[in-house]
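Everything on this sheet refers to the single structure shown next.
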Amino acid sequence: TRIRGPLAGLSARNPIPRDSLKVVLVDIDDESWRLVPYKWPYPRDDVWARVVRNLTDAGARVIVFDVEFDSPDFKSDYLEKLNRAGSNIPFRHGDEVFAEAISYAQSKGTKIVLASKKVNEPTRLP
Numbered sequence: 037t038r039i040r041g042p043l044a045g046l047s048a049r050n051p052i053p054r055d056s057l058k059v060v061l062v063d064i065d066d067e068s069w070r071l072v073p074y075k076w077p078y079p080r081d082d083v084w085a086r087v088v089r090n091l092t093d094a095g096a097r098v099i100v101f102d103v104e105f106d107s108p109d110f111k112s113d114y115l116e117k118l119n120r121a122g123s124n125i126p127f128r129h130g131d132e133v134f135a136e137a138i139s140y141a142q143s144k145g146t147k148i149v150l151a152s153k154k155v156n157e158p159t160r161l162p
């Protein structure tokens with residue numbers, strides 16, 4: 037089952053009915069991709085942290101990501117470079133905001149599963 041609209045996008049307005057389906061798949065369809073005001077990879081604070089909070093508030097019991105967070109958060113890295121160059125733009129690192137959203141979800145009883153890689157190449161660096 038797919039949910040389109042507010043739950044699949046950046047904000048969840050209505051909770052998932054408890055007596056409905058036991059499994060609800062929320063994926064990012066083409067329309068949702070167009071609505072996100074960032075290019076891939078999406079920033080962890082403005083997009084992924086909001087997804088975690090919104091799905092938690094909508095009643096999700098488990099949130100599973102089929103997205104790997106194995107590269108630096110580009111927005112946070114960019115703002116850090118600007119600040120080192122003399123700009124004083126207030127910001128919080130996206131990884132910190134994402135981690136807080138995960139902690140929030142866990143405090144509400146929502147389990148979070150993050151994707152990972154398993155590599156069997158002895159010479160490959162992680």
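For the sequence shown, the working numbering assigns the number 162 to the last residue and increments by one with no breaks. Glycine included, each C-beta is placed from N, C-alpha and C at the ideal position.
To which residues of the same chain is residue i closer than 8 Å at the C-beta, ignoring the five residues directly before and after it?
| i | result |
| --- | --- |
| I125 | L115, L118 and N119 |
Taking the beta strand (DSSP E) that residue i falls in, what are its first and last residues?
| i | result |
| --- | --- |
| V98 | V98 to V100 |
| I148 | K147 to V149 |
Just the C-alpha distance for residue i and residue j, rounded to the nearest angstrom, thanks.
| i | j | result |
| --- | --- | --- |
| D131 | S107 | 11 Å |
| V133 | Y78 | 13 Å |
| R80 | D109 | 7 Å |
| T159 | V83 | 34 Å |
| H129 | N156 | 32 Å |
| R70 | G145 | 31 Å |
| V72 | I64 | 10 Å |
| I59 | G95 | For the record, residue 59 in the displayed sequence is Val; it is not Ile. Computed Cα separation, rounded: 12 Å. |
What span of residues does the alpha helix (DSSP H) with residue i cover, start to end?
| i | result |
| --- | --- |
| T159 | Run containing T159: none; DSSP gives neither H nor E here. |
| G130 | G130 to S143 |
| N90 | A85 to D93 |
| E116 | F110 to R120 |
Apart from the five residues on each side of it in sequence, which residues of its chain come closer than 6 Å, Cβ to Cβ, to residue i?
| i | result |
| --- | --- |
| K147 | V98 |
| K153 | none |
| F105 | none |
| A85 | V133, F134 and A137 |
| L150 | F101 |
Report all residues from its chain with a CB closer than 7 Å to the CB of residue i; omit the five preceding and five following residues, and keep chain order.
| i | result |
| --- | --- |
| K75 | none |
Is the number of C-beta pairs between the segment 96-105 and the segment 118-127 that are closer than 8 Å three or more? no
Answer yes if the segment 123-143 comes into contact with the segment 86-98, meaning at least three C-beta pairs across the two stretches below 8 Å, and no otherwise. yes
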